[in-house]
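First the structure, in the form of structure tokens, and then the observations on it.
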Amino acid sequence: MKWNYLSLGIGISLLFVVSGCMDHTEATPADIVSKVLESQKKIDSYYAEGTMLVKQKDMETEASVYKEWYDADSKKKRVDIRSSGQETVTSVNDGKQVIVYDRTKDSAFSMNITNDMGITSMTQREQLMSMLRAMQSTHKSEVVGEESILGMNTYHMKVSADSANTMLGDMEFWVDQKTWFILKSIASSGDFAIESTYTKVDFSPKYTDATFRLEIPKHVIIQSLQDSNPIQEVTLEEGGRALGQPFRVLHDNNVTLTKVEMHELQGELKRTEITAYYARNNEPSFLLSVFKTPKDTSLEHDAGTINIRESRGKYLAEIHALVWDEEGLRYSLIVQNPDIPLEEVVERANRMELSSM
Numbered sequence: 005m006k007w008n009y010l011s012l013g014i015g016i017s018l019l020f021v022v023s024g025c026m027d028h029t030e031a032t033p034a035d036i037v038s039k040v041l042e043s044q045k046k047i048d049s050y051y052a053e054g055t056m057l058v059k060q061k062d063m064e065t066e067a068s069v070y071k072e073w074y075d076a077d078s079k080k081k082r083v084d085i086r087s088s089g090q091e092t093v094t095s096v097n098d099g100k101q102v103i104v105y106d107r108t109k110d111s112a113f114s115m116n117i118t119n120d121m122g123i124t125s126m127t128q129r130e131q132l133m134s135m136l137r138a139m140q141s142t143h144k145s146e147v148v149g150e151e152s153i154l155g156m157n158t159y160h161m162k163v164s165a166d167s168a169n170t171m172l173g174d175m176e177f178w179v180d181q182k183t184w185f186i187l188k189s190i191a192s193s194g195d196f197a198i199e200s201t202y203t204k205v206d207f208s209p210k211y212t213d214a215t216f217r218l219e220i221p222k223h224v225i226i227q228s229l230q231d232s233n234p235i236q237e238v239t240l241e242e243g244g245r246a247l248g249q250p251f252r253v254l255h256d257n258n259v260t261l262t263k264v265e266m267h268e269l270q271g272e273l274k275r276t277e278i279t280a281y282y283a284r285n286n287e288p289s290f291l292l293s294v295f296k297t298p299k300d301t302s303l304e305h306d307a308g309t310i311n312i313r314e315s316r317g318k319y320l321a322e323i324h325a326l327v328w329d330e331e332g333l334r335y336s337l338i339v340q341n342p343d344i345p346l347e348e349v350v351e352r353a354n355r356m357e358l359s360s361m
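Here's what the structure looks like:
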């Protein structure tokens, strides 16, 4: 069973043309993955269309089509998504703010862009790049062959899980040998698979201001997500009272608690989440997320083999997080310094002590 990112907490929340093409006989899996990720540093404008299929046990359960616009000069992005039998959902990102308009629900919301927004502000291509980057340390890759897609020569790659400590399953992707653009991907986990295929890509699009102008009916009120899910800086004691019980915190003279935040999440999640930030030598080292264990996402049958007192924890290598349930609370201890080994994380988790209320 692979975990839903939403069940892990706010603290975890997870575009490209380069010149030259490697000689086919010299292309290794590591070379190709490196080139794909390196291509993200230099982003050129593009327009693309694609399809996405969600399958369970090889049976199609959902289908959607999408369009993407990206302007390298203004850094603006637009994404249109139309699912089966529904109207289009459009999002426009101007680099400072994302506005999303759902024509089916006749509703709209906005959010200011931050560094930790995760997939919310990403195009399909950016999401694929993010997944590939996360898989580098937990998956092994191989070149399956070469195929032509949209008249472009591609490398067909397969990336397989090489560790039990991973949320992500296996993935296949087809990448253009010149631009390193991922033209097709298949991500699978258990009985589920998501297949995404670009059906059109234009690397020389012509845009106007109207391209990134989102027309929203006057009667639709744009709701700010920052207002819907406010974040408040609190003390540990206030956080404990908000959760209705004391919670465990890091107890170590080598780390310093720098800030505690309380997130009042609404909508599907609807919960209170406490996030504590820790530093060592004035550098961010740990982030601790705590909230009540969701009733429908128990880790009882998906726990790992790491002992945290009387509980069993699991280490998620992609996001450097140790996750476990204890006394009705879900803990996510996230490592912000990659030099800190897992053994130290587990040791610190076992030394955590209850906060006061």
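Position 341 (the sequence shown) corresponds to 345 in the working numbering; numbering is contiguous.
No residue lacks a Cβ here, since even glycine has one placed at the ideal position from N, Cα and C.
Every value quoted in this text rests on a predicted model; they were computed, and no experiment measured them.
- Using a Cβ-Cβ distance cut-off of 8 Å, the region 282-296 and the region 246-264 are in contact, since at least three pairs of beta carbons, one from each stretch, lie closer than that value.
- S192 is the residue among E91, S114 and S192 whose C-alpha sits nearest the C-alpha of L57.
- In the three-state reduction of the DSSP assignment, T215 falls in the helix class.
- Judged by DSSP secondary structure, K144 falls outside any alpha helix (DSSP H) and instead within the beta strand (DSSP E) spanning H143 to I153.
- Residue ranges of uninterrupted beta strand (DSSP E) with 3 or more members, entirely inside the region 45-98 and ordered along the chain, are 50-60, 63-75, 80-87 and 92-97.
- Between W184 and F177, the alpha-carbon positions lie close to 11 Å from each other.
- Here the alpha carbon of H255 sits roughly 49 Å from the alpha carbon of V224.
- Taking a C-beta distance under 7 Å as the contact criterion, D75 and S114 do not qualify as a contact pair.
- Of the other Cβ atoms in all chains shown, 16 or more fall within 10 Å of the Cβ of T279; this residue is therefore buried.
- A distance of 7 Å or more separates the beta carbons of V40 and L218.
- If you draw a straight line from the Cα of G149 to the Cα of T203, it is about 20 Å long.
- Nearest neighbour of K71 by Cα position, chosen from I47, R86, Y319 and E199, turns out to be R86.
- Under the three-state reduction of DSSP output, K299 falls in the coil class, being neither helix nor strand.
- In this model, P342 and D174 are separated by some 24 Å (Cα to Cα).
- Per DSSP, I117 has no beta-bridge partner at all.
- The beta carbon of D195 is closer than 7 Å to those of Q60 and K61 in its chain, skipping five residues each way along the sequence.
- In the DSSP assignment, P288 forms a beta bridge with A283.
- A check of alpha carbon separations from N257 across P33, V264, A283 and I198 identifies A283 as the nearest.
- Rounded to whole angstroms, the separation of the alpha carbons of G155 and A52 is 15 Å.
- At a Cβ-Cβ threshold of 7 Å, A325 and I344 do not count as neighbours.
- Per DSSP, D35 is one residue of the alpha helix (DSSP H) stretching across P33 to E42.
- Around A67, the same chain offers L57 and S88 as residues with beta carbons nearer than 6 Å, after the five sequence neighbours per side are excluded.
- Closest by C-alpha distance to N286, out of Y211, I235 and Q340, is Q340.
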